[in-house]
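In the UniProt record's numbering, the protein residues as written are 1 to 130.
Using N, Cα and C, we set each Cβ at its ideal position, and we do this for glycine too.
This one's a predicted model, so the numbers in the text were calculated from it and none came from an experiment.
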């Protein structure tokens with residue numbers, strides 16, 4: 001989430017090894033890259049931010065993770081993780097009225113000494129029909 005501070009948990013990756021004992025135990029780590037990383041991963045796969053995230057600067061971050069078993073002949077696998085940063089302050093307007101159970105709105109507009117009532121019907125595509 002945008003503007004999340006360093007150390008905020010945002011997810012977990014998981015892996016499975018069919019072997020038993022230490023050969024089946026797994027540890028995760030980030031694969032070093034040339035880019036600046038904004039995330040850290042714990043050995044159990046938990047992902048955390050390491051700095052403030054700003055969607056206006058970068059909307060998506062990608063990084064490579066690796067999982068390794070603890071066997072004497074160690075095996076590993078890699079995966080690319082894409083993190084889409086959700087925006088907090090750039091949202092489209094949402095209709096409050098009409099609600100989900102109605103398709104019309106009544107607006108009362110003052111006109112000199114009388115009141116006029118107009119009914120607007122709003123379609124799902126947001127087109128207004130008089």
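Taking all protein chains shown into account, decide if residue i is buried (16 or more other Cβ within 10 angstroms of its Cβ) or exposed.
i          : result
residue 50 : exposed
Please go through the same chain and pick out, in chain order, the residues whose beta-carbon is closer than 6 Å to the beta-carbon of residue i, but skip the five residues on each side of it.
i          : result
residue 67 : 15, 26, 28, 77
residue 10 : 47
residue 12 : 45, 46
Using DSSP with H/G/I as helix, E/B as strand and the rest coil, what is residue i?
i           : result
residue 113 : For residue 113, the predicted model reports a pLDDT of 48, less than 50, meaning its position is unreliable and no value from the coordinates is stated.
residue 7   : coil
State the Cα-Cα distance for the pair residue i and residue j, rounded to the nearest angstrom.
i          : j          : result
residue 85 : residue 59 : 5 Å
residue 70 : residue 22 : 5 Å
residue 83 : residue 19 : 30 Å
residue 54 : residue 7  : 15 Å
residue 65 : residue 79 : 6 Å
residue 56 : residue 88 : 10 Å
residue 24 : residue 17 : 5 Å
residue 41 : residue 61 : 14 Å
residue 72 : residue 93 : 57 Å
For the ligand ADP, I want to know if residue i counts as a neighbour, meaning its beta carbon is within less than 7 Å of at least one of the ligand's heavy atoms.
i          : result
residue 75 : The model depicted lacks the ligand ADP and carries no ligand whatsoever.
Specify, as a first and last residue, the run of the beta strand (DSSP E) that residue i falls within.
i          : result
residue 41 : 39-41
residue 33 : Note, residue 33: premise wrong, no beta strand (DSSP E); not H, not E.
residue 84 : 76-84
residue 67 : 60-69
residue 49 : 46-49
By Cβ distance below 7 Å, which residues in the same chain neighbour residue i in space, the five residues on each side in sequence not counted?
i          : result
residue 63 : 30, 33, 37, 39, 81
residue 43 : 27, 28
Once you ignore the five residues that flank residue i on each side, which residues in its own chain have a CB closer than 8 Å to its CB?
i          : result
residue 74 : 68
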